[in-house]
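A.B. asks: Protein chains in written order, with my numbering: chain V, 4 to 119; chain B, 75 to 186. Starting off with a structure, shown below.
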Amino acid sequence: SQTIHQWPATLVQPVGSPLSLECTVEGTSNPNLYWYRQAAGRGLQLLFYSVGIGQISSEVPQNLSASRPQDRQFILSSKKLLLSDSGFYLCAWKPPTSGGSTDTQYFGPGTRLTVL
Amino acid sequence: QKEVEQDPGPLSVPEGAIVSLNCTYSNSAFQYFMWYRQYSRKGPELLMYTYSSGNKEDGRFTAQVDKSSKYISLFIRDSQPSDSATYLCAMSVPNTGNQFYFGTGTSLTVIP
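Next comes the structure, spelled out in structure tokens:
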């Protein structure tokens, strides 16, 4: 069965500090990978998605970046955090788009980031 | 107009009640419809998944899609305190691969 991991679970960082959040998926190959941010009462905001190693698409201009150095590893980064970067960050995966695959996302446990 | 609209609640019901959660949408190309359950400070968990119109039942949960009205529902029978969570609807267009549209979530509390 497939499993998705995120770490750290909780993070408190000062404004202007760097950020690195990691997501890994087990039990599948060539998944589509996603980073979302969830603010209180505001739903899920898609930040980045990736259909393969080194292939990153950005949905929202911001001071965040993403990388996919390995097939099942997705990293969210920032060089300098802003107060507005606080939120709940969720990684998700989906089976690769192909005939017969289900169009369903599966989420990780999330990272709660507080920027002070 | 948002792609997906969902009443945020909060919704509070007594244990054993039937709960109805709903979403409306504007894009007629949506074919996949999902419901997620999210407990406080946890990631969303896939609860139900349906393709196109019709009903799907899984235990106490029934997902219903009415494409003519662009309306989807999740029914919870014999609600339990453990059902207390935020419920998110989501939908997508087939084979586009990457864009999922989420409701903002409905907060449900089941009172013992």
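Just so it is clear, CB atoms sit at the ideal spot from N, CA and C, and this is done for glycine as well. These numbers were taken from a predicted model, which means no experiment stands behind them.
#1: Per DSSP, what kind of secondary structure is residue 86 of chain V in: helix, strand or coil?
#2: Do residue 15 of chain V and residue 86 of chain V have their CB atoms nearer than 8 Å?
#3: Rounded to whole angstroms, what is the Cα-Cα separation between residue 33 of chain V and residue 10 of chain V?
#4: Which chain V residues sit within Cβ distance under 7 Å of residue 168 of chain B?
#5: Just verifying my parser: in three-state terms, what is the DSSP assignment at residue 86 of chain B?
#6: Going by DSSP, which residues form a beta bridge with residue 91 of chain V?
#7: Please identify, using Cβ separations under 9 Å, the residues of the stretch 93-125 of chain B that lie next to chain C, in order along the chain.
#8: Would the beta-carbon of residue 167 of chain B fall within 8 Å of that of residue 112 of chain B?
#9: Compare the Cα-Cα distances from residue 141 of chain B to each of B:76, B:129, B:116 and report the closest residue.
#10: Would you check if there are 3 or more beta carbon pairs closer than 8 Å linking the stretch 142-159 of chain B to the stretch 107-125 of chain B?
#11: Helix, strand or coil, according to DSSP, for residue 157 of chain B in the structure here?
#12: Hey, how far is the Cα of residue 148 of chain B from the Cα of residue 82 of chain B?
#13: If you follow the beta strand (DSSP E) that residue 104 of chain B is part of, which residue opens it and which one closes it?
#14: Tell me which same chain residues have a C-beta within less than 7 Å of the C-beta of residue 186 of chain B, skipping the five on either side of it?
#15: Does any CB atom of chain B fall closer than 8 Å to the CB of residue 71 of chain V?
#16: Quick check: what's the CA-CA separation for residue 2 of chain V versus residue 139 of chain B?
#17: Give me the DSSP bridge partner(s) of residue 137 of chain B.
#18: What separation, rounded to the nearest whole angstrom, lies between the Cα atoms of residue 38 of chain V and residue 50 of chain V?
#19: Among all the DSSP beta bridges, which residues are the ones paired with residue 184 of chain B?
#20: So, with DSSP's three-state summary, where would you put residue 21 of chain V?
#21: What does the alpha-carbon distance come out to for the pair residue 58 of chain V and residue 43 of chain V?
#22: In whole angstroms, what is the alpha-carbon distance linking residue 76 of chain V and residue 65 of chain V?
C.D. replies: So, from the data block:
#1: Along the first sequence, one-based indexing puts residue 86 of chain V at 83. In the displayed model, residue 86 of chain V falls within a helix according to three-state DSSP.
#2: Counting from one through the first sequence, the residue named residue 15 of chain V turns up at place 12. Counting from one through the first sequence, the residue named residue 86 of chain V turns up at place 83. The Cβ atoms of residue 15 of chain V and residue 86 of chain V do not sit closer than 8 Å to each other.
#3: In the first sequence, counting from the first residue as 1, residue 33 of chain V sits at position 30. In the first sequence, counting from the first residue as 1, residue 10 of chain V sits at position 7. Rounded to the nearest angstrom, the two C-alpha atoms are 21 Å apart.
#4: Start at 1 with the first residue of the second sequence, and residue 168 of chain B comes out as number 94. What residue 168 of chain B touches in chain V: 106.
#5: Counting from one through the second sequence, the residue named residue 86 of chain B turns up at place 12. Residue 86 of chain B: strand per DSSP, three-state reduction.
#6: Numbered from 1 along the first sequence, position 88 holds the residue referred to as residue 91 of chain V. In the DSSP output, where bridge partners are listed per residue, residue 91 of chain V has V:41, V:115.
#7: Here the protein chains are V and B, and chain C is not one of them.
#8: In the second sequence, counting from the first residue as 1, residue 167 of chain B sits at position 93. In the second sequence, counting from the first residue as 1, residue 112 of chain B sits at position 38. Taking 8 Å as the Cβ cut-off, residue 167 of chain B and residue 112 of chain B do not qualify as a contacting pair.
#9: Along the second sequence, one-based indexing puts residue 141 of chain B at 67. When each option's Cα is compared against that of residue 141 of chain B, the closest is B:129.
#10: Output reads yes: the stretch 107-125 of chain B touches the stretch 142-159 of chain B.
#11: Position 83 of the second sequence holds residue 157 of chain B. Three-state DSSP puts residue 157 of chain B in a helix.
#12: Within the second sequence, numbered from 1, the residue matching residue 148 of chain B stands at position 74. Within the second sequence, numbered from 1, the residue matching residue 82 of chain B stands at position 8. Looking at the two C-alpha atoms, the distance is approximately 14 Å.
#13: Position 30 of the second sequence, counting from 1, holds the residue named residue 104 of chain B. Per DSSP, residue 104 of chain B belongs to no beta strand (DSSP E) and is neither H nor E.
#14: One-based indexing of the second sequence puts residue 186 of chain B at position 112. Closer than 7 Å at Cβ, skipping near neighbours: 89, 155.
#15: Here residue 71 of chain V refers to the residue found at position 68 of the first sequence. For residue 71 of chain V, the answer is no, since every Cβ of chain B falls outside 8 Å of its Cβ.
#16: The question about residue 2 of chain V has no answer, for chain V in this structure spans 4 to 119.
#17: Translated into the one-based positions of the second sequence, residue 137 of chain B becomes position 63. According to DSSP, residue 137 of chain B bridges with B:130, B:148.
#18: Residue 38 of chain V sits at position 35 when you count from the first residue of the first sequence. Residue 50 of chain V sits at position 47 when you count from the first residue of the first sequence. Using only the alpha carbons, I get a separation of about 5 Å.
#19: Counted from its first residue, the second sequence places residue 184 of chain B at position 110. As DSSP reads the structure, residue 184 of chain B sits in a beta bridge with B:87.
#20: Here residue 21 of chain V is taken as the residue at index 18 of the first sequence, counted from 1. Judged by DSSP in its simplified three-state form, residue 21 of chain V adopts coil rather than helix or strand.
#21: Within the first sequence, residue 58 of chain V is the residue found at index 55, counting from 1. Within the first sequence, residue 43 of chain V is the residue found at index 40, counting from 1. In this structure, the alpha-carbon of residue 58 of chain V lies about 30 Å from that of residue 43 of chain V.
#22: Locating residue 76 of chain V in the first sequence gives position 73, where the first residue counts as 1. Locating residue 65 of chain V in the first sequence gives position 62, where the first residue counts as 1. Note on geometry: alpha-carbon atoms of residue 76 of chain V and residue 65 of chain V lie some 21 Å from one another.
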